[in-house]
Structure formats: structure tokens, C-alpha cells
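S.K.:
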Amino acid sequence: MASGVVATGLNKSFGGQHVVRDVSLRVPPGTIVGLIGPNGSGKTTTLNLLNGALRPDGGSILVGGTELAGRSSREFVRHGVTRTFQTARVFTTVTAFENLLVPTLHHREPRRVLHRRAEELLEFVGLTAHRDTPASELSGGQQKLLEFVRALMTEPSTVLMDEPFAGVHPSLKQVMHERIRERNRQRTSFVVVSHEIPDLMRLSDEVTCLGDGAVICQGTPAVVSDDAKVITAYLGTRGTSRKAS
């Protein structure tokens, strides 16, 4: 998927209120794009547009050169875009291993290949010991790790992540950071929404800041952290911006 994900001029309204206004975003292959902004700035809605959970009122979403705006989430997955959520959406009544197999139920790959991939991904995030544990018995942080590797089961080119570090124990947060970086080194792209600005700035190649549904600033973490509009709208003070960088 040489061209990655290219969203142009996205718009979305609910009941006459503009939630996303003319948002454009590029996710080249092998990059980590951070998405920041105050509460209500349109971050989660933007992710929902980028994975087909919502249909945009206007704009274009090219994935690998194919127009997918308005298509279903299944079509986005088929073209290599998967998603995790602010509150982990795991199947609590089945095991960690079985959770990983859910996205592959209709795949044509041999089951032995899928089972091996699931085992490897559990090991990847340190959950092998919990292979046969019902997901309901995992901690919140472990559930987020499980959801993360479930999003990798279909071998996506781009993963959208909504607040992957929120409420996660520092040790598991470090695992998440390291595993995102490791998959990124293998050319998986990420769009990561997070309020944990210092962590996100260290993780990201590029950052987009939203405010009132529109793009305030886009650029490297250093550029965005020092932008006056970002400081005013989100970071609050120049001193905070320096900490964020």
C-alpha cells in the first residue's frame, strides 16, 4: 500500500453541529502520526471516519489509492486499516487466545497459520501465560494489550489507536510503547490519539492538533509543541509546551 492513508477535507456534523471541519491528514507508510486536541475537538470522530465507523458528510479517504469514504469498517479492514478503542472492546466471555481469532473467522488462511500468529502475538505483548484466561479476568491494561494485538491479527498496514495509554499501569504502558515502535519498524503505520502529550510527542513522527473540529497545526512534534495556537488552545502555557517536547 505505497500511498498509505490520505484523508482530505473531511467534514462531519451531528444535529447541525460541525464536529469535524475540513480535516486533512496524511499517514505515509511506516509512520506514527499523533492526534491531539482538547476534549470535544473531534479526535475520536476523526478516527471513526478513518475506519468507516462513520460516513463523512464530505471529503475523501484514500487507502492505498482506493477511495473508501463512506464505505463500511469491514472494507477498511480489508484494505488494511484496523482500530482500537479508548475503552478496550474485548470479548470478555472467551479466552485471550480466542479473542485473537475473532477477526479471522472469515479468512481463508489455514487455521494452523492463524493459530500460530495468535500465539506469537500473545508472546509479543507478554500475555502467553494468560492464553487460556477469560478476557474478563485480565486487568484493564492487559485488555488494552490484547485489543492491540487483536488489531494486528489481520496484518494491517495502518492501526488507529484511541487513548491506548489511558489508565494503564506504567509497566504495561512501556510495553505498549515498545511494541508500537517495534511494529512500526516493520512498516506498520499508526494514528494515535492521546492526552498524554509528552509520551505521544516522543512516540510520533508527525503530530496533528485539532481544535473545535478543525486542524490547528500539523508538523513534527517540536513544531507542534511550540506553535502558539496549540499552546493557547490545548497546552495552556509555553512552559507546558517545552515539557511536551
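Residue 49 is where the sequence shown starts when you use the numbering used here, and the numbers rise one by one after that. No residue lacks a Cβ here, since even glycine has one placed at the ideal position from N, Cα and C.
Using DSSP with H/G/I as helix, E/B as strand and the rest coil, what is Leu-73?
M.R.: Three-state result, Leu-73: strand.
S.K.: Rounded to the nearest angstrom, what separates Thr-285 and Val-278 at their Cα positions?
M.R.: The pLDDT assigned to Thr-285 is 44, lower than 50, so where the model puts this residue is not dependable; a value taken from the coordinates is nonetheless given after this. The straight-line gap from Cα to Cα measures roughly 9 Å.
S.K.: Give the straight-line distance between the Cα atoms of Arg-233 and Gly-78, rounded to the nearest whole angstrom.
M.R.: About 7 Å.
S.K.: Which value, in whole angstroms, describes the spacing of the CA atoms of Arg-160 and Ile-228?
M.R.: Spanning the two alpha carbons is a distance of roughly 26 Å.
S.K.: Which residue from Glu-167, Ser-61, Asn-147 puts its Cα closest to that of Pro-182?
M.R.: When each option's Cα is compared against that of Pro-182, the closest is Asn-147.
S.K.: I'd like to know whether the C-beta atoms of Leu-58 and Ala-117 end up nearer to each other than 9 Å.
M.R.: Closer than 9 Å, so yes.
S.K.: Please list the segments of the beta strand (DSSP E) lying wholly inside the segment 214 to 255, counting only runs of 3 or more residues, in order along the chain.
M.R.: Here the runs fully enclosed are 237 to 241.
S.K.: Which value, in whole angstroms, describes the spacing of the CA atoms of Glu-123 and Arg-131?
M.R.: In a straight line, the C-alpha of Glu-123 is about 13 Å away from that of Arg-131.
S.K.: What alpha helix (DSSP H) runs, 4 residues minimum, are completely inside the segment 61 to 127?
M.R.: Qualifying alpha helix (DSSP H) stretches, in chain order: 91 to 98, 121 to 126.
S.K.: Please list, in chain order, all residues of the same chain as Gly-215 whose beta carbon is under 6 Å from its beta carbon, the five residues on each side excluded.
M.R.: Same-chain partners within the cutoff: Gly-188.
S.K.: Which first and last residues belong to the alpha helix (DSSP H) in which Gly-189 is found?
M.R.: Element bounds for Gly-189: 188 to 200.
S.K.: Cα separation between His-155 and Val-197?
M.R.: Answer to the nearest angstrom: the Cα atoms are 17 Å apart.
S.K.: Answer yes or no: do Thr-94 and Leu-110 have a C-beta to C-beta separation smaller than 9 Å?
M.R.: Not in contact: Thr-94 and Leu-110 (Cβ atoms no closer than 9 Å).
S.K.: Can you look up Pro-182 in the DSSP assignment and give me helix, strand or coil?
M.R.: It is a strand residue.
S.K.: May I ask you to report which of helix, strand or coil DSSP gives Leu-170?
M.R.: Helix at Leu-170.
S.K.: What residue does the alpha helix (DSSP H) around Leu-148 start on, and which one ends it?
M.R.: Note, Leu-148: alpha helix (DSSP H), 144 to 149.
S.K.: Is Ala-144 buried or exposed, if buried means 16 or more other CB atoms sit within 10 Å of its CB?
M.R.: Result: buried.
S.K.: Please say whether Glu-185 and Thr-176 have beta carbons closer to each other than 9 Å?
M.R.: It is not a contact, given that the beta carbons lie outside the stated cut-off.
S.K.: Give me the residue from Thr-206, Thr-140, Thr-202, Gly-88 with the minimum Cα distance to Val-81.
M.R.: Of the listed residues, the one whose Cα sits closest to Val-81 is Thr-206.
S.K.: Using three-state DSSP, classify Ala-136 as helix, strand or coil.
M.R.: Ala-136: coil per DSSP, three-state reduction.
S.K.: Tell me the residue span of the alpha helix (DSSP H) that contains Ala-270.
M.R.: 269 to 273 is the span of the alpha helix (DSSP H), which, as asked, contains Ala-270.
S.K.: Enumerate in chain order the residues of its own chain whose CB-to-CB distance from Ser-89 is below 6 Å, with the five nearest sequence positions on each side excluded.
M.R.: Same-chain partners within the cutoff: Leu-258, Gly-259.
S.K.: What do you reckon, is the C-beta of Pro-204 under 8 Å from a heavy atom of the ligand NAD?
M.R.: This structure lacks the ligand NAD, and indeed carries no ligand of any kind.
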